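Notes follow once the structure below has been shown.
2 protein chains.
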Amino acid sequence: MTEANQSDSNEDSLTPLDQVSNLLRRYRLVDGLIHLQNDSSDEALADSAVQKQNLAELQHYLDQLHPADIAVILEALPLDDRLLIWSMVRTENDGEVLLETSDAVRETLITDMHSHELVAATEFLNADEIADLAPDLPQEVIDDVFRSLPVEEREQLRAAMSYTEGSVGALMDFDVITIREDVRLEVVLRYLRRFEELPDHTDQLFVVDREEQLQGVLLISQLLVSDPEMLVAEIMTKEMIKLCPDDVAQQAASAFERYDLVSASVVDATGKLLGRVTVDTVIDFIRAKAENEALNLAGLSEEEDLFASVFQSVRNRWVWLAINLVTAFVASRVIGLFEDSIEKLVALAALMPIIAGIGGNSGNQTITMIVRAMALDQIQRRSAWKLLAKEVGVSVINGILWGTVVGIFTFAMYHDPELGLVMMLAMLLNLVLAALLGVLIPLTLRKFGRDPALGSSVMITAVTDSGGFFIFLSLATFFLL
Amino acid sequence: MTEANQSDSNEDSLTPLDQVSNLLRRYRLVDGLIHLQNDSSDEALADSAVQKQNLAELQHYLDQLHPADIAVILEALPLDDRLLIWSMVRTENDGEVLLETSDAVRETLITDMHSHELVAATEFLNADEIADLAPDLPQEVIDDVFRSLPVEEREQLRAAMSYTEGSVGALMDFDVITIREDVRLEVVLRYLRRFEELPDHTDQLFVVDREEQLQGVLLISQLLVSDPEMLVAEIMTKEMIKLCPDDVAQQAASAFERYDLVSASVVDATGKLLGRVTVDTVIDFIRAKAENEALNLAGLSEEEDLFASVFQSVRNRWVWLAINLVTAFVASRVIGLFEDSIEKLVALAALMPIIAGIGGNSGNQTITMIVRAMALDQIQRRSAWKLLAKEVGVSVINGILWGTVVGIFTFAMYHDPELGLVMMLAMLLNLVLAALLGVLIPLTLRKFGRDPALGSSVMITAVTDSGGFFIFLSLATFFLL
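Same order as they appear, the protein sequences are chains H and W. The letter at position 262 of the first sequence is residue 735 when you use my numbering, and the numbering goes up by one with no holes. The letter at position 345 of the second sequence is residue 818 when you use my numbering, and the numbering goes up by one with no holes.
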């Protein structure tokens with residue numbers, strides 16, 4: 474692993490992206506000049522020599538970079554620049570870079586590659602890494618890769634590809650070092666010296682019996698501080714985290730967070746060691762999850778390539794806009810019911826968005842609290858009632874508080890005390906509605922086995938909009954007209 | 474570190490929280506009975522014997538749990554149950570549990586403790602951990618702790634407390650093992666055996682000279698596979714991540730994500746080794762950051778104790794509601810400008826929320842894309858124009874598409890083709906406005922050194938609301954009346 478020396482790159486204060494961009498700009502400028510000139514002129518010849526120099530410099534710079542840095546650069550470049558840089562990445566880095574890029578950007582890179590290039594790229598990857606790429610690879614490439622693998626790895630790839638996304642199996646790798654419990658630590662140390670290098674994130678060795686049943690783990694830190702004459706069985710840990718490949722990945726992530734793990738074993742139902750999960754994969758998972766939640770909340774179906782075509786972006790965004798349009802139509806029809814009232818008292822039209830807006834904001838506060846607590850498994854049947862009571866209590870206080878503010882505002886604007894009172898009452902009722910549904914919507918979604926985070930913000934806003942309009946306009950119709 | 478055996482707890486399928494809740498319920502039930510009875514009756518005596526048994530069982534179960542699990546349980550319990558359980562946690566676990574709980578819950582626990590209990594709890598913590606708790610501790614406790622520490626740790630605590638929140642220094646610990654470069658690996662191995670245990674997450678030893686200048690790192694995995702006769706200088710790595718204590722913490726997090734680190738060195742400006750950052754701290758940081766963003770987006774100022782009092786919750790939520798109220802008042806006044814038009818054509822009142830709503834949704838899609846790309850440092854001056862053009866392109870297509878849909882809907886409702894055309898045009902214009910500001914708001918916030926994530930969603934919604942009402946109502950006034 475070549476690691477960038479961070480303090481050095483701070484000193485000249487240019488990120489790798491800046492560096493590559495500058496080199497690219499120089500290249501593109503000269504390229505433009507060459508096309509303007511007569512091909513055989515002396516200037517053109519001189520320029521193309523300069524051009525070769527530019528490309529060599531760019532190549533030299535790229536060769537030094539970590540694949541993860543190259544991935545960041547590719548994601549930040551428009552398509553033409555991206556593909557130029559991609560063509561210059563060394564084949565042995567291709568696979569790593571593909572693993573590091575987002576799905577959308579990876580697609581643009583793979584589309585640009587020949588089958589034989591893709592097969593070559595996978596040669597530098599492990600079975601579990603190939604499995605991560607597999608969904609984006611053409612079938613013929615996967616077939617080729619399968620044929621080229623040794624038997625053991627072929628089995629591993631088959632296993633890795635069989636786990637569903639979002640399961641522990643999908644996070645698992647096969648880079649485990651196993652030992653027996655009846656050997657001395659000295660033997661273990663000698664055994665390790667026969668490796669050229671240890672797998673990344675090896676903080677423990679897995680102790681198995683002849684049937685590959687996991688018996689315990691030998692922590693590297695224990696191995697280092699213990700007397701080499703001792704037996705593995707004497708110092709190995711039997712209390713350890715065992716994950717199952719079919720568990721949801723979030724369960725593994727929670728275990729890593731809570732118990733500060735670097736790696737954890739994965740075993741099948743009989744206790745046979747299948748592989749391990751490492752902390753770097755878990756970090757990627759946590760990040761991807763947080764990002765997806767943020768994207769969904771904003772109404773984006775999936776991560777979008779920053780430089781995706783306009784058409785692709787429209788496709789990625791249409792679902793939530795369509796849902797939003799339906800809820801907006803419903804709210805519009807609710808208002809339509811009261812057109813007579815509005816005609817008589819046109820101030821209602823100007824005031825009603827206030828009630829709907831604050832209700833939506835308050836409902837989103839409640840729902841965010843509840844969804845978060847549910848994600849942390851903190852809500853039990855008994856405490857649900859307490860929470861509902863608390864949220865309704867908060868909404869009553871807020872309703873009286875902000876209801877008074879808007880009531881006074883309304884009175885100041887329209888000099889109509891009754892209109893002010895209706896505003897206050899409508900605010901109070903809509904906030905209580907928001908609190909009730911802010912608790913009930915996520916609980917109901919979970920009861921029906923749905924992800925409470927997905928779409929609950931849209932639902933609460935829909936309810937507080939339509940509900941707010943209805944509450945306010947019907948109160949006004951009843952008391953004022 | 475005692476780790477829960479996860480597969481066992483799966484088998485009986487009860488989480489630690491469920492177990493504790495069940496034991497607690499039993500305890501509370503009998504407690505209720507005792508209070509109902511005459512104190513000296515035989516039943517009361519029998520019950521209090523049962524009660525002792527219940528408490529002993531609860532105590533026994535709690536003693537086995539990992540501090541992180543206890544923290545989760547405390548967060549999920551209402552205040553009275555929480556404090557009962559907290560009083561039963563063993564003193565040597567108190568500090569760890571306090572570190573694991575959220576700020577809000579920690580406050581409830583610390584309020585319930587005497588000074589001497591707090592001082593006792595810190596005795597089991599390192600200097601960097603005490604520094605993490607310090608902001609929540611009374612000054613007298615901090616003074617006591619200072620006096621009780623040995624000189625070296627006192628200096629470390631002083632240093633750790635001097636770093637601002639959100640800096641690398643705040644994530645740093647002092648558990649580094651240092652070695653010299655001119656010794657053989659065999660000597661290093663013997664040196665390590667003198668430790669009783671290695672600090673958690675020791676994946677590398679730090680090679681320093683006599684002035685504590687960091688020369689390189691010796692990876693444990695390299696140490697294990699190399700010939701013990703070799704010198705440290707021969708196999709140590711000189712290319713490594715060096716963090717500075719005053720860097721923003723996000724920079725450390727990015728380095729850990731990109732380069733899959735377990736630990737990284739922290740050095741001062743002269744290159745002197747100060748400490749290290751480990752992956753478990755980084756995971757906590759990443760999670761807390763993602764959570765804060767989600768909370769802010771929903772209008773919560775900070776993490777809130779699930780069972781906070783109603784009054785505390787109102788205080789935590791009022792800022793964003795107040796901001797929202799101001800933007801709603803502005804939108805209301807915009808509508809107020811057009812009360813004459815609405816009086817003449819009351820359908821406008823029912824239709825205007827559609828324009829505002831879809832604009833807000835579309836603007837949030839754009840702003841989420843841009844803020845995310847900015848967080849990943851993917852937006853350069855040159856590409857900003859490309860992005861603006863793309864977003865406007867998307868909004869034009871969406872505007873024509875959804876504009877046509879709402880136009881047809883409007884025509885179907887009100888049988889007025891001109892009103893349909895105005896809806897279509899207003900939708901198109903408001904989506905273009907949303908796209909322009911969805912790109913410009915975060916870029917502008919960054920230009921003025923503000924966090925582009927904070928409040929940009931509120932701002933875009935405010936603009937698309939007021940802007941949408943203005944565009945629609947002025948078009949209608951101009952073309953229809």
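For every residue, glycine included, the Cβ atom is placed at its ideal position computed from N, Cα and C. Note that the structure is predicted; figures quoted are calculated from it, not measured.
Residues near residue i in its chain [Cβ-Cβ closer than 8 Å; skip 5 each side]
| i | result |
| --- | --- |
| valine 752 (chain W) | His674, Phe729, Leu734, Val735 and Ser736 |
| serine 929 (chain W) | Ile840, Val844, Ile914, Pro915 and Leu918 |
| valine 641 (chain H) | Leu716, Cys717, Pro718, Asp719, Asp720, Val721, Ala722, Gln724, Ala725, Val739 and Val750 |
Residue i burial status per 10 Å Cβ neighbour count (16 or more: buried)
| i | result |
| --- | --- |
| lysine 863 (chain W) | buried |
| phenylalanine 668 (chain W) | exposed |
| threonine 883 (chain W) | buried |
| valine 799 (chain H) | exposed |
| alanine 522 (chain W) | exposed |
| isoleucine 852 (chain H) | buried |
| alanine 439 (chain W) | With chain W represented from 474 up to 954, any question about residue 439 (chain W) goes unanswered, as that position is not in the structure. |
| proline 623 (chain W) | exposed |
| aspartate 616 (chain W) | exposed |
| methionine 896 (chain H) | buried |
| tryptophan 858 (chain H) | exposed |
8 Å Cβ cutoff, residue i in contact with chain W
| i | result |
| --- | --- |
| glycine 922 (chain H) | no |
| threonine 651 (chain H) | no |
| glycine 1008 (chain H) | An answer regarding residue 1008 (chain H) cannot be provided, because it is not within the stretch 474 to 954 covered by chain H. |
| arginine 555 (chain H) | no |
| leucine 671 (chain H) | yes |
| phenylalanine 802 (chain H) | yes |
| phenylalanine 679 (chain H) | no |
| isoleucine 558 (chain H) | no |
| glutamine 838 (chain H) | yes |
| phenylalanine 729 (chain H) | yes |
| glutamate 816 (chain H) | yes |
7 Å Cβ shell around residue i - same chain, five flanking residues per side excluded
| i | result |
| --- | --- |
| asparagine 789 (chain H) | Leu773, Ser774, Glu775 and Glu777 |
| valine 681 (chain W) | Thr651, Leu687, Gln688 and Leu746 |
| glycine 911 (chain H) | Gly836, Thr839, Ile840, Ile843, Glu864 and Ile933 |
The ligand SAH heavy atom lying under 7 Å from the CB of residue i
| i | result |
| --- | --- |
| isoleucine 714 (chain H) | This structure does not include the ligand SAH; it has no bound ligands of any sort. |
Chain H contact for residue i (CB, 8 Å cutoff)
| i | result |
| --- | --- |
| tryptophan 793 (chain W) | yes |
| asparagine 871 (chain W) | yes |
| glycine 772 (chain W) | yes |
| valine 819 (chain W) | yes |
| methionine 842 (chain W) | yes |
| arginine 919 (chain W) | no |
| glutamate 707 (chain W) | no |
| serine 929 (chain W) | no |
Own chain residues within Cβ distance below 6 Å of residue i, not counting five before or after
| i | result |
| --- | --- |
| phenylalanine 802 (chain H) | none |
| leucine 697 (chain W) | none |
| aspartate 648 (chain H) | Pro672 |
| serine 939 (chain W) | Val803, Ala804 and Val807 |
| asparagine 599 (chain W) | none |
| leucine 497 (chain H) | Asp554 |
| alanine 544 (chain W) | Val570, Glu573 and Thr574 |
| valine 493 (chain H) | Ile546 |
| arginine 579 (chain W) | Leu571 and Asp609 |
Exercise. Identify every run of the beta strand (DSSP E) within the stretch 701–780 of chain W, keeping only runs that are complete inside it and at least 3 residues long; order them along the chain.
Key: You should have 736–740 and 746–751.
Practice problem: Give, in chain order, every unbroken run of the alpha helix (DSSP H) that is at least 4 residues long and sits entirely within the stretch 588–648 of chain H. | Solution: Segments of the alpha helix (DSSP H) lying fully in the stretch 588–648 of chain H: 588–595, 600–606, 612–621, 624–635 and 641–644.
Quiz item: Taking any Cβ of chain H, which residues in the stretch 849–862 of chain W have a Cβ under 8 Å from it, in chain order?
Solution: Only Leu849, Asp850, Gln851, Ile852, Gln853, Arg855, Ser856, Lys859 and Leu860 from the stretch 849–862 of chain W bring a Cβ to less than 8 Å from some Cβ of chain H.
Quiz item: Residue ranges of each alpha helix (DSSP H) run of no fewer than 4 residues wholly in the stretch 510–562 of chain W, ordered along the chain?
Solution: For the stretch 510–562 of chain W, whole alpha helix (DSSP H) runs of length 4 or above, ordered along the chain, are 515–537, 540–549 and 552–561.
Exercise. Taking only beta carbons into account, state which residues of the stretch 596–619 of chain H come closer than 7 Å to chain W, listed in chain order.
Key: Flagged: no residues at all.
Quiz prompt | Against chain W: residues of the stretch 487–514 of chain H by CB proximity under 9 Å | solution = Of all residues in the stretch 487–514 of chain H, Thr488, Leu490, Asp491, Ser494 and Arg498 have a Cβ within less than 9 Å of some Cβ in chain W.
Exercise. Give the residues from the stretch 759–784 of chain H that approach chain W closer than 9 Å (Cβ to any Cβ), ordered along the chain.
Key: Of all residues in the stretch 759–784 of chain H, Ile759, Arg760, Lys762, Ala763, Glu764, Glu766, Ala767, Leu768, Leu770, Ala771, Gly772, Leu773, Glu776, Glu777, Leu779, Phe780, Ala781, Ser782, Val783 and Phe784 have a Cβ within less than 9 Å of some Cβ in chain W.
Practice problem: Select from the stretch 574–585 of chain H all residues with a C-beta closer than 9 Å to any C-beta belonging to chain W, and list them in chain order. | Solution: Legend: CB atoms of the stretch 574–585 of chain H lying less than 9 Å from CB atoms of chain W are not found in any residue.
Quiz item: In chain order, what residues of the stretch 644–668 of chain H put their CB closer than 9 Å to some CB of chain W?
Solution: Considering only beta carbons, the part of the stretch 644–668 of chain H lying closer than 9 Å to chain W consists of Leu662, Leu665, Arg666, Arg667 and Phe668, in chain order.
Quiz item: In chain order, what residues of the stretch 540–555 of chain W put their CB closer than 8 Å to some CB of chain H?
Solution: Those residues of the stretch 540–555 of chain W that come within reach of chain H (Cβ to Cβ, closer than 8 Å) are Ala541, Asp542, Val545, Glu548, Ala549, Leu550 and Pro551.
Quiz prompt | Residues in the stretch 685–702 of chain W having any Cβ partner in chain H nearer than 7 Å | solution = Residues are counted here when their Cβ sits less than 7 Å from a Cβ of chain H; for the stretch 685–702 of chain W these are Ile693, Ser694, Leu697 and Val698, given in chain order.
Quiz item: Unbroken alpha helix (DSSP H) runs of length 4 or more, entirely within the stretch 831–889 of chain H: which are they?
Solution: Correct list: 854–887.
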